[in-house]
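So the sequence shown is numbered by my numbering: it starts at 62 and just counts up by one.
Glycine included, every Cβ here is placed at the ideal spot set by N, Cα and C.
Note that the structure is predicted; figures quoted are calculated from it, not measured.
These notes are about the structure you will find just below.
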Amino acid sequence: MKTINRLFILLTVLFLSSCEGEQGPPGIPGQDGINLLGSVIEIEGTFSAQNDYSLYYEFPNNLEIYDSDLVLVYILWDQTDDGNGNVLDIWRLLPQTVVLPEGVLQYNFDYTVADVEIFLNYTSDYSELLPAETDNQVFRIAVLPAAYAANKSIDLADMNAVMKSLKKDISSVKRYGLQ
62 MKTINRLFIL
72 LTVLFLSSCE
82 GEQGPPGIPG
92 QDGINLLGSV
102 IEIEGTFSAQ
112 NDYSLYYEFP
122 NNLEIYDSDL
132 VLVYILWDQT
142 DDGNGNVLDI
152 WRLLPQTVVL
162 PEGVLQYNFD
172 YTVADVEIFL
182 NYTSDYSELL
192 PAETDNQVFR
202 IAVLPAAYAA
212 NKSIDLADMN
222 AVMKSLKKDI
232 SSVKRYGLQ
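Quick look at the structure:
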C-alpha cells in the first residue's frame, strides 16, 4: 500500500508540474542596465599654477563606479611611426617619474567613485617646468570592473591590452577637454 501511495504521489507531482496555462501579459519594460564592461575616457588639460598643477575630472552620472572597481590612468607619453607611415601612441600607466636637471617630476593620480584627480609632484619650483611637461597633456582613464581587474592574464600596464580586454577600440573612447 505504501508503494502505491508513493507511486500515486509521484505521478501526481509529475502531472501537475507539467501543466501549462495560457501565456500571461508581457511585463513592464525595464530600464537599461549598467554597462559592466568598463569604460575608457580620454581627457586633455594643462597643468598650471591656476589649477594647482592638477587636473580634475568628475565621472558622468551615467557611468556607475563601485568601490570594488579599478580605475587606471595612462598618460600619452610619446608617439612613434610604425614603419608604414602610421602614428602609434605610446601610453604609460601612472605614476610616471621623470628626472629633470632641476628636480624630479612625477605624474600621479588619485580617485574616488565620483572623480579622478591627476596631479604633478615636483621637487623644485613648478615655474621651472617646460610647456612640454605641463601643456596639453593627454590622459586615458580606464574603469575596470572588479572581475576584469582580478584577471591576471591582462597586463594592466599595457593600455592596448586593457582596451582589448574591455572590447573597446579607439572609436569608443570619449574625449573631454579640461579647462
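- Between E103 and K235, the gap from beta carbon to beta carbon is short of 8 Å.
- N197 and P87 have their C-alpha atoms some 53 Å from each other.
- Look at the beta carbons and you see the region 117–130 touching the region 168–188: at least three pairs across the two are nearer than 8 Å.
- The bridge partners DSSP lists for N182 are Q167.
- Cβ contact annotation for D139 (same chain, cutoff 6 Å, sequence separation greater than five): I151, in chain order.
- In this structure, the alpha-carbon of V132 lies about 15 Å from that of F180.
- Taking C-alpha positions only, D186 is separated from F200 by approximately 24 Å.
- DSSP lists T141 as the beta-bridge partner residues of L149.
- Within the model, the alpha-carbon separation for T158 versus L239 is close to 23 Å.
- A direct Cα-Cα distance of roughly 28 Å separates G99 from I89.
- Within its own chain, the residues whose Cβ lies closer than 7 Å to the Cβ of N169, once the five positions on either side in sequence are excluded, are L155, P156, F180, N182, listed in chain order.
- In the structure shown, S109 falls within a coil segment according to DSSP collapsed to helix, strand and coil.
- Judged by DSSP in its simplified three-state form, A211 adopts coil rather than helix or strand.
- Note that the C-beta distance between F108 and T195 is below 8 Å.
- The DSSP-derived three-state label of T158 is strand.
- Contact annotation: D130 and L205 have beta-carbon atoms nearer than 8 Å.
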